[in-house]
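Reviewing the structure listed below.
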Amino acid sequence: MEDGLVAKLGGNPALVLAALRRKGELSLVDIVNSTQLTRGQVRYALGKLIESGHVIMRGKHGDRATRYAAKE
1 MEDGLVAKLG GNPALVLAAL RRKGELSLVD IVNSTQLTRG QVRYALGKLI
51 ESGHVIMRGK HGDRATRYAA KE
């Protein structure tokens, strides 16, 4: 994966991606707890990471069962 691209997206996407790579598939709440970012910051970072192809979403928006994973 192109980590230089993640760095260009900013610090929070890099933190979120690192948590997903370290811990595997996580929910939004799990990511918040792992990174100490706010829900809003995590949602924004996930949006950027999904858009850039670094993260995949398993589930649908607004569903508490939705999980996120780093793309391999």
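Taking UniProt numbering, the leading residue of the sequence shown gets 1, the next gets one more, and so forth. Backbone N, C-alpha and C fix where the C-beta goes; we use that ideal spot for every residue, glycine too. Just so we're clear, the structure is a prediction, and the values are computed from it rather than from any experiment.
Check residue 64 in the structure and name its three-state DSSP category. Reduced to three states, the DSSP call for residue 64 is coil.
Determine, using beta carbons only, whether residue 18 and residue 26 come nearer to each other than 8 Å. Going by beta carbons, residue 18 and residue 26 fall outside the 8 Å limit.
If I'm right that residue 46 touches residue 68 with Cβ under 8 Å, what's the distance once you round it to whole angstroms? Contact holds; Cβ gap of about 6 Å.
Throw me the rounded Cβ distance for the residue 54 and residue 70 pair, which I believe falls under 8 Å. About 7 Å separates the beta carbon of residue 54 from that of residue 70, a gap short enough to meet the 8 Å contact definition.
Decide if residue 42 is buried, meaning its Cβ has at least 16 other Cβ atoms within 10 Å, or exposed. Under this definition residue 42 is a buried residue.
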